[in-house]
Every structure is written in C-alpha cells, then in structure tokens.
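Everything on this sheet refers to the single structure shown next.
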Amino acid sequence: MPRIAPLRRKDQTSEIQIAFIQHQTVYNTNINNMKATLGHSPTAFKVYMQWYPLFEELKRIVGTRLATLLAWSVSEETQGIIYTAFFRKAINDSGEDPDNLVLSANEQQFIDFGAAVARNNGLITDELFAGIQQQYSAEEVVIIAAFAGKMIAANIFNNLIQTETDEQLLPFVRINQAV
Numbered sequence: 371m372p373r374i375a376p377l378r379r380k381d382q383t384s385e386i387q388i389a390f391i392q393h394q395t396v397y398n399t400n401i402n403n404m405k406a407t408l409g410h411s412p413t414a415f416k417v418y419m420q421w422y423p424l425f426e427e428l429k430r431i432v433g434t435r436l437a438t439l440l441a442w443s444v445s446e447e448t449q450g451i452i453y454t455a456f457f458r459k460a461i462n463d464s465g466e467d468p469d470n471l472v473l474s475a476n477e478q479q480f481i482d483f484g485a486a487v488a489r490n491n492g493l494i495t496d497e498l499f500a501g502i503q504q505q506y507s508a509e510e511v512v513i514i515a516a517f518a519g520k521m522i523a524a525n526i527f528n529n530l531i532q533t534e535t536d537e538q539l540l541p542f543v544r545i546n547q548a549v
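Following this line, the structure appears as structure tokens:
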C-alpha cells in the first residue's frame, strides 16, 4: 500500500494535466504510478522528469545497452523494486535474459561502477572512478555521474513513498522483492 496514493484524474490541476500531456507527447510514454504520485507537486514532477533528457544524453554517450545496464545496477543496489523491474523488462525486451547476462569487461566495469556509486553514496575508489574517467571526457563523466545520482534519487523516492509497482512490471519483479 503506497504511503501517498497516485493523484487521481479528477484531482489533477490544469497545470499537472498539461505537464502530463506534454510528458506523454514528448517522450511517448505513459503516466505510471510514480509519475501520478509526483503529480501532487508539479515542481517535483518536473524535476524528476529531467531523468528523460539525462537518459537520452547517456544513451548518446554509451549506447542504449550500457545506459540500461547502469540504470539497472543502480536500481538493484538501492533495492528499488520499480526501476529494477523496469530495467529487467528493458533487458528482456532487448532479447536478453537479465538473470544470465553475457558482459564484456567494459560492461561489467560500468555495472560495478553504478552499483558502487549507489552502495557507497558516491564514495567509490579512485581505481573504479579512473576506469570510467579514462574512457570518457569530463562532460561525459559528469553526465554519467549525474544520471547515477538521478537514478538513486528516483529509487529512494519510490522506496520512501512505497510507490505501487505498475502492473506491466510485475512479471519482472524478483521473487525475493516485496511489491
């Protein structure tokens, strides 16, 4: 049971209705339980939805697969049920088994980086940071770090509010995770 219920359509202000429509149009996505809950505050909704342009930048830099793996690793480490399921679904939809990934050394390093950032509140070893820094420009590392932070924030929000997992993600929730 969520601590704060998603905002119902009849309770939406015109400001949030417009924000929802714009979001759906620009990003070709739906208003899920997290977004509907964020709808209680138009400012919070706008801030959290900056995830989308940041994810697009990350995909431009590292590719869709690596961006997805980073988001998944951060979500797993923060015990974020919704985003872990979301990215498990994305991995599955791309034709891979999220429980049996075949990873290159670079991909494993990226997953380790994301997990360490989440696990240690960003206080990672110089060695792990250097592994990323050697491959990307300062601007790109900032985008990678900002995205990892944004993923942590989104997972913490859902954990704190106990946002209900959307129905289409339920098949991708790990058995040992609560819904």
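Count the sequence shown with the numbering used here and you get residues 371 to 549, in order.
Glycine included, every Cβ here is placed at the ideal spot set by N, Cα and C.
- request: Measure from the alpha carbon of leucine 428 to the alpha carbon of each residue in Met521, Val472, Leu471 and Leu408, then state which is nearest.
  value: Ranking the options by Cα distance to leucine 428, first place goes to Met521.
query: Should the segment 403-414 be called in touch with the segment 477-487, which here means at least 3 C-beta pairs below 8 Å?
result: no
task: Answer yes or no: do proline 412 and glutamine 532 have a C-beta to C-beta separation smaller than 7 Å?
output: no
field: Residue interval of the alpha helix (DSSP H) (run including methionine 521)
entry: Looking at the DSSP string, the run of the alpha helix (DSSP H) that includes methionine 521 is 508-531.
task: Report yes or no: do the segment 458-472 and the segment 507-515 share at least 3 C-beta pairs separated by less than 8 Å?
output: no
message: Tell me the rounded alpha-carbon separation between glutamine 503 and glutamine 382.
response: 44 Å
Neighbourhood of tyrosine 418 by C-beta, 6 Å cutoff - its chain only, sequence neighbours within 5 removed: Answer for tyrosine 418: Leu408, listed in chain order.
task: Pick helix, strand or coil for aspartate 467, following the three-state DSSP scheme.
output: Three-state DSSP puts aspartate 467 in coil, outside helix and strand.
- request: Below 6 Å CB to CB, which residues in the same chain sit around alanine 460 once its five sequence neighbours on both sides are set aside?
  value: Thr438
- request: Please go through the same chain and pick out, in chain order, the residues whose beta-carbon is closer than 8 Å to the beta-carbon of alanine 523, but skip the five residues on each side of it.
  value: Answer for alanine 523: Tyr418, listed in chain order.
- request: Give the range of the alpha helix (DSSP H) segment to which glycine 335 is assigned.
  value: Residue 335 lies beyond the stretch modelled for the chain, which goes from 371 to 549, so this question has no answer here.
field: Option in Ile452, Phe390 and Val432 with minimal Cα separation from glutamine 538
entry: The closest CA to that of glutamine 538, considering only Ile452, Phe390 and Val432, is found on Ile452.
- prompt: Do you know how far the Cα of alanine 488 is from the Cα of glutamate 534?
  reply: 22 Å
- prompt: What's the call for arginine 458, buried or exposed, on a 16-neighbour Cβ count within 10 Å?
  reply: The Cβ neighbour count for arginine 458, taken over all protein chains shown within 10 Å, is at least 16; the residue is labelled buried.
message: Buried or exposed for glutamate 370, going by 16 or more other Cβ atoms inside 10 Å?
response: What is shown of the chain runs 371 to 549, which leaves residue 370 out entirely.
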